[in-house]
Every structure is written in C-alpha cells, then in structure tokens.
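Let me begin by presenting the structure, written as structure tokens, before commenting on it.
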C-alpha cells in the first residue's frame, strides 16, 4: 500500500527545477571547503580524485536519489517507503535519517549564512579597503556574539519566508541568485589569473602530486567534499524528484546538477588560490587557513592589501557570490527538513515556521561557541551524511529491482540526456561499500598509523556516536508509528 502525500507540488519547468537543485548544491562549501581541501590535499591530485568520485559516486547516486522521489512520489518519508519493494519501514527510516541529519546541519548553517551576510555588508561599505582595517580584530569581535546570533536569526527568517511558498518560491529565488553568483565567481577567477605571481598559485592548484594520489586522506577528503558539495544523501534530491513530472529526464537534472556545482567550486578555487599566491607574502602559510580562517581573516586581509578599486570590487563580488551560495543552500536544506511535514498535510508556511523556530533554538549554542559548531559539523556533516549515502545505495541497489528502476527512468521524451545501462546498476550496488571502506581506511591511516595528533579522533567521539545511535533508534520507532498512522 502506497503512502500518498497530502500536498502535491510540481516544478514550474525543468529549468526552474535545475536552478533550484543547483542552488541547493552550490553553497558555502564550494568556496571555503573546496579551495582549502584542494590546496592541502594534493592540488591536482585532489581534483583528479574528485573527478573519479563525480563519475563513480556523485552522478550515479544523484540519479538514484532523484529516482526515489520521482518514482516514490514523495519526500524523505513517503518517497523511500513507496519506492522500495521490501523492507519499507527501513526505507522510511532511511529517508527520515537523512532529513534528521539535514536538520542538525540546518541548526548551524543559519549561523554560517549570517556570518557571510555580515561580511557582505562590510564589503559593500568598503570596510576591507580602509587604512585601519584589521581582519583578525573584525572576526574576533564578531564571532560568538549575540550580534552574530541575531544576524543568523534573520537568515533563518528569510528561509522561512522562501520555503513557505513551496517549490515556486524556492525556484524563483534560485533563478535570480544562481546566475549572479556563477558569473561573479567566473569574473573573480579570470581576474585572479591576470595578477602577477598568480601562475605559481595556478600550478599549485592544478598540477597533480604523485605522493598525494596514494594518500588515503586525499581520496577520503575528496569523497567527503563530493558528498557535501553535490548534496547527495541529504534528502533534497528525493524531495526534488517528487517535483518532477513523469516526462522529465532525471539524468538531465543530475548531470546539470553535478556539472554546475563542480564548475563553481573549481572557479572558486581559481579565484582564491592564485590570489593568495599573487598578493600574500606568505602564501604557503595562508593556504593552510581552513574554513573560517580562510573566508573571514585571510581573504579580507588580502582584499585590504590589494587596496583601491580592485580590492573593493573583488571583496564585493566575492562576498555577494559567497552569500548567494550560502542562502540558496540554507533554504533548500530547510525544504528537506520540512518536507515530511508537508507530505503529512501540514501547510508549507506552518511547516517552515515550526522547523525554523526549532532550528534556531537548537542551533543557538553554535552561534555563541564555535566548538559546538565544529561538533555539529563533525557528527552530522560527516558521519550522518556518510550513513545516508549507504542508505541511498541500499534502497536503489538492493531493496528494489534496479534494472526496472533504470528502465522506468529511461521512459522520457525526448530521449534521456545520458542513457543508463547495466553499468549504472553495478555502480549503485558498489556504492554501498565505497563510503564504508574509505571511511575505515581514512580513520585507520590517520588514527592508528599517524597517531592521535592528526586531530581526527573527534569523528567518533563517544558522545557523538551515542547521539547518533540513540537518535537513530528513536527515529526508527517514531517513523514506524507515523507510517502505520498514515496508512490507517
């Protein structure tokens, strides 16, 4: 017996849907995570490993996740339940697990989006090019304050408004924001490459290093970045798949999703890494600045050192593109979280309001203490999403006739952009093993071989594992009760 969602939405057009899903994928991670990881994990070797994962994992599982929503006719609860042929309760649990992981990420992502918005305002007013500008002082006086919390709350209110209008609100905002951030990032990349000294940064970024290719960290970091950046296993592609019409081509959406997201990430790297080598007197030290250090200290300092009109315009375009990317991801993460409520009959605005308020309450500690934010990011941004990746592969590869799913996806007019063959069936099944294997390999290499000083022991701290296990059991129980009630 199928679970039928009580609120049915359809994308206005295939282009509108593509803009919405690309807006989902292109987020803050394309700017600060991709560039830093590429620079610190082998440059061209990282890019090569990233390309391999795009082919083996990203496109294959993006198609599978879209298929769950399209064929299952629902979001993270209804879609998986209807999609699989056996172990339906487990499938519903797997979908809600992804929504839960996305919710916990939402609880700190509104904070990060607020940071970027604050810096965009400073870019607009020309703060970075003022003679007395001090980058560490600006960041030190803003982070972990009630001001940063308040601006983050404004971002969450914006997300509530956008998602309250459903797919039409999401696609409308994305159609405006994504083209601007794409061409802004392209312009920044082109300009960076014209600067004296940029060639050394380009070589550092693009040339593979043989030793990095045999380092498991290169492969695990690139896999982690693919999962995070493309947006697989968060549950959004399930929700977006439910927006598809029967004639819409899943391979078209998945391919456009992967290509556009990767293009922005690659261009962001071209914009940031050559700039550091061209402007900084200590490029090899600055390139190691991770996350917040890169975005909110190193780059603003470099904009200051550039000075004049060039420094102002570069900082302005960068933070506009950066915030557009973060905000489009914020409201699409929010859509994943609220979609099960909409499928159960809660009106979109009320679903957005309920989940948004709870996200603000639970996420408040991450706004006032960065240790909490790092903890949330580690537990749910890595382990939670890795489990979701396995769930997608299990559902599409083993809990349903994969060949029949593929044949159903190929029934579109005009012909599908990428014809799926038996190779897709095989790769879907292989992806059950890949994330588990490389996660273990990475931990074994860094923890048991390199030692605790590598700093990765936080990935399996006992509190984090306890929350995941206990929370998972609670979700499994509650999901079963919800499914029984929905069927009745």
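Residue numbers (the numbering used here): 113 to 600.
Here a beta-carbon is modelled for each residue, glycine too, at the ideal position from N, C-alpha and C.
Computed from a predicted structure; not experimentally measured.
The segment 359-367 makes contact with the segment 168-177: 3 or more CB pairs, one atom from each, lie closer than 8 Å. Annotated three-state conformation of residue 197 is coil, per DSSP. For residue 589, the three-state secondary structure derived from DSSP is helix. Put simply, the segment 158-173 touches the segment 319-332. At least three CB pairs are less than 8 Å apart.
Closest option to residue 472, judged by alpha-carbon separation, among 199, 518, 269, 227: 269.
Our two residues, residue 256 and residue 481, have alpha carbons roughly 5 Å apart in a direct line.
If you draw a straight line from the Cα of residue 530 to the Cα of residue 223, it comes to about 39 Å. Linking residue 271 to residue 326 through their CA atoms gives a straight-line distance of about 42 Å. Residue 441 and residue 185 have their C-alpha atoms spaced approximately 23 Å apart. Closest in alpha carbon position to residue 253, among 454, 408, 424, 432, is 408. Within the same chain, and ignoring the five residues on either side of residue 584 in sequence, the residues whose Cβ sits closer than 7 Å to its Cβ are 209. Taken atom to atom, the span from the alpha-carbon of residue 382 to that of residue 394 is near 18 Å. With a beta-carbon spacing of about 26 Å, residue 260 and residue 281 fall beyond the 8 Å limit used to define contacts. By the C-beta density criterion, residue 336 is buried, having at least 16 other C-beta atoms within 10 angstroms. A direct Cα-Cα distance of roughly 24 Å separates residue 524 from residue 343.
Runs of the alpha helix (DSSP H) spanning 4 or more residues and lying entirely within the segment 120-199 occur at 126-137, 144-152, 156-165, 171-184, 190-195, in chain order. Three or more pairs of CB atoms, one per stretch, sit closer than 8 Å, so the segment 498-507 contacts the segment 201-216. By the beta-carbon neighbour count (other beta carbons within 10 angstroms, threshold 16), residue 413 is buried. Around the beta carbon of residue 590, fewer than 16 other beta carbons lie within 10 angstroms, which makes this residue exposed. Under the three-pair Cβ rule at 8 Å, the segment 185-200 does not count as touching the segment 424-443. For residue 262, the enclosing alpha helix (DSSP H) stretches over residues 258-276.
The segment 212-223 and the segment 385-393 do not touch, with fewer than three beta-carbon pairs separated by less than 8 Å. Residue 284 holds the alpha-carbon nearest to the alpha-carbon of residue 134 among 182, 504, 193, 284. For the pair residue 312 and residue 305, the Cα-to-Cα distance works out to about 10 Å.
Per the C-alpha coordinates, the member of 467, 316, 542, 433 positioned closest to residue 510 is 542. Between residue 211 and residue 353, the gap from beta carbon to beta carbon reaches 8 Å or more.
The beta carbon of residue 586 lies closer than 8 Å to none in the same chain, with the five residues before and after it left out. Annotation for residue 546: no residue places its beta carbon closer than 6 Å to its own, counting only its chain and skipping 5 residues before and after. Here residue 369 carries a helix assignment [DSSP, helix/strand/coil].
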